[in-house]
Each structure stands twice: as structure tokens, then as C-alpha cells.
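*Asks:*
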Amino acid sequence: MKPLGRRGKALAALLLAPFAALALYLLAAWIGSSIPRNSGWTEAAASEPGVDIMVETNGIHTGIVMPIVTAHKDWRTTFPSAARPRPDGRMPTHVAIGWGEKEVFLNTPTWGDMKAKTALRIVFGGGEGLMRVGHYIRPAPSNSHRTLRLRPAEYRRLVARIEATLPPLGASEARVSHRSFEEGAANYDALGRYTLANTCNQWVGDTLAHAGVRMGRWTPLAGGVMKWVPTAD
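Quick note: the sequence shown, position 207, residue 242 per my numbering, numbers continuous.
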């Protein structure tokens, strides 16, 4: 077999570059998500005041599930969709909040619907942020919906961080939702730029860490978030 010439080596390097970049990204994500923030944190005990939330995942995307109404926050005042019946006519009890890329949340129900320009924008410049709000009825704990019990002060910090991701409104304005391809969900304008470094999962990790929850420092992938949340017993 002939040895590769200069052009052949350059072509081989060009073809291998995306795979090398992906491998480095995954390695960096594993290392970054393994470095803890709030390393001494523990959940609120069942005997002390607290709010039960959930961290949900579908293997790719993570979100934060919270009761619509507690003594500390009524999400109906922030998201009008939380005050309306679901498509099945039942009133929701919980909101599931996730942040992500606007074009993906609005027009990309499957990977096959992903447009090349959307992918390139995320890789090289970043996409506009959007907040998706799902509406659940008494979600049950499972491996994909893991419960965390926060103290009242921690929950209030969580709420404040989520609300800080939303554009401010005037005194008489109400937040307007965008359509969603996910039945029963609503999308709302949000601040921030979605990039490979600042993903939906990084937003969840940062939001939980801001509340005081033990979490990895850089969590661009779903697994980097979920490895810090205990599974259901």
C-alpha cells in the first residue's frame, strides 16, 4: 500500500477533525459535569418545611418540574397557560420548565426536521433562547422524573433564577405564548443564547446550582445533570 502523500494526509485530517472534535467535547463534558458545585448540599428532610420538585429527562433534554401553586410561588401569575385546562379538559397541577433554542422548540419535533442552518447557527454563533412550559397532573416519581426536596429559601432562589430568564414585562402586560408541537405545552420568549457550551441542560444545571443544589460545574448533556439527582427508591 502506498503511503499517503501530503494531500492525502490533509484530506484524512479534514475527515477526522469532526470526530476528534466530538470526542473532545464529550470528554470535556464528562470532566466538567463531574466537578461539583455546592458539594456539601443535602436535601431538606421530610420533617422540615420544603417543596418537592422533580428533575426530568428524556435522555437528551432535561427540565425542572414544580407545583403550580405553593406558599412561595404561583406560576399562573407568570405563565398564563398554567391557569388554563389542558387539551384533555383537566387542570394541571405542575409545570415542567425547560430552556432551549427557539427554532428547535418551535419547528423541530424530530431530529429529521432539524435544518442545516439551525445546526450551523448553534455550532458557530448560537440560537435565540425560548422557554417551554409543560403542564402535568401529579407526575409520579420515576427514573426519568426524579424528586428533590428543597428548603423554602432554596426554592425561592430557584424561582428567581427561572424568572430572570424571562424578558421583563410592563405593569399591565401579560406574557404571550407561542404555539408548540408538543401537545399541552406552551413556549414563551426567553433571554440567553443557545450554544454548544450553553445548552438546555447547562441551563438546568445552572438553575439548580443557583438554588444551592449539588450539581456539576459544566453540564451540557442530560447525563451530566441527572448523575447528580438520586434515582427513585
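Glycine included, each C-beta is placed from N, C-alpha and C at the ideal position.
Whole angstroms is fine: what's the gap from L183's alpha carbon to W253's?
*Replies:* Near 20 angstroms, if we compare the C-alpha coordinates of W253 and L183.
*Asks:* Helix, strand or coil for H245? Go by DSSP, reduced to three states.
*Replies:* helix
*Asks:* Tell me, please, whether the segment 105-125 touches the segment 141-152 by the rule of three or more beta-carbon pairs shorter than 8 angstroms.
*Replies:* no
*Asks:* Across the segment 125-141 and the segment 71-82, are there enough close Cβ pairs to call them in contact, namely three or more that are closer than 8 angstroms?
*Replies:* No: the two stretches stay apart, fewer than three of their Cβ pairs being nearer than 8 angstroms.
*Asks:* Could you spell out where the alpha helix (DSSP H) holding M261 opens and where it closes?
*Replies:* For M261, the enclosing alpha helix (DSSP H) stretches over residues 257-261.
*Asks:* Answer yes if the segment 231-249 comes into contact with the segment 189-198, meaning at least three C-beta pairs across the two stretches below 8 angstroms, and no otherwise.
*Replies:* Contact check between the segment 189-198 and the segment 231-249: three or more CB pairs, one atom from each, fall below 8 angstroms, which counts as touching.
*Asks:* Per DSSP, which one or two residues make a beta bridge with Y229?
*Replies:* According to DSSP, Y229 bridges with G162.
*Asks:* Would you kindly work out how many angstroms separate the C-alpha atoms of A221 and A118, rounded to a whole number?
*Replies:* Straight-line Cα distance between these residues: approximately 12 angstroms.
*Asks:* To which residues of the same chain is S74 closer than 7 angstroms at the C-beta, ignoring the five residues directly before and after it?
*Replies:* These residues qualify, in order along the chain: R249.
*Asks:* From P71, R156, F54, pick the residue whose C-alpha is nearest to that of D241; which is it?
*Replies:* P71
*Asks:* What are the partner residues of N222, as DSSP defines its beta bridges?
*Replies:* R167, H213
*Asks:* So the candidates are P187, Y190, R214, Y223; which of them puts its Cα closest to the Cα of T200?
*Replies:* From the listed residues P187, Y190, R214, Y223, the smallest Cα separation to T200 is found for Y223.
*Asks:* Does the Cβ-Cβ distance between R111 and H170 come in under 8 angstroms?
*Replies:* no
*Asks:* Suppose the cutoff is 7 angstroms on Cβ atoms and the five residues either side in sequence are ignored; what does the same chain contact list for R125 look like?
*Replies:* I172
*Asks:* By how many angstroms is the C-alpha of P187 removed from the C-alpha of E78?
*Replies:* 12 angstroms
*Asks:* First and last residue of the alpha helix (DSSP H) that includes R196?
*Replies:* 187-199
*Asks:* Roughly how many angstroms separate the alpha carbons of V90 and S179, rounded to a whole number?
*Replies:* Each residue's Cα considered, the two are about 8 angstroms apart.
*Asks:* Please name the residue, chosen from S69, R214, L231, G259, that lies closest to R156 on a Cα-to-Cα basis.
*Replies:* L231
*Asks:* Less than 8 angstroms separating the beta-carbons of P176 and A267?
*Replies:* A Cβ-Cβ contact shorter than 8 angstroms links P176 with A267.
*Asks:* Using CA atoms only, rank isn't needed, just tell me which of D109, A63, G98 is closest to V260.
*Replies:* G98
*Asks:* Just verifying my parser: in three-state terms, what is the DSSP assignment at R72?
*Replies:* strand
*Asks:* In whole angstroms, give me the CA-to-CA distance for W65 and L59.
*Replies:* The straight-line gap separating the alpha-carbon atoms of W65 and L59 is approximately 10 angstroms.
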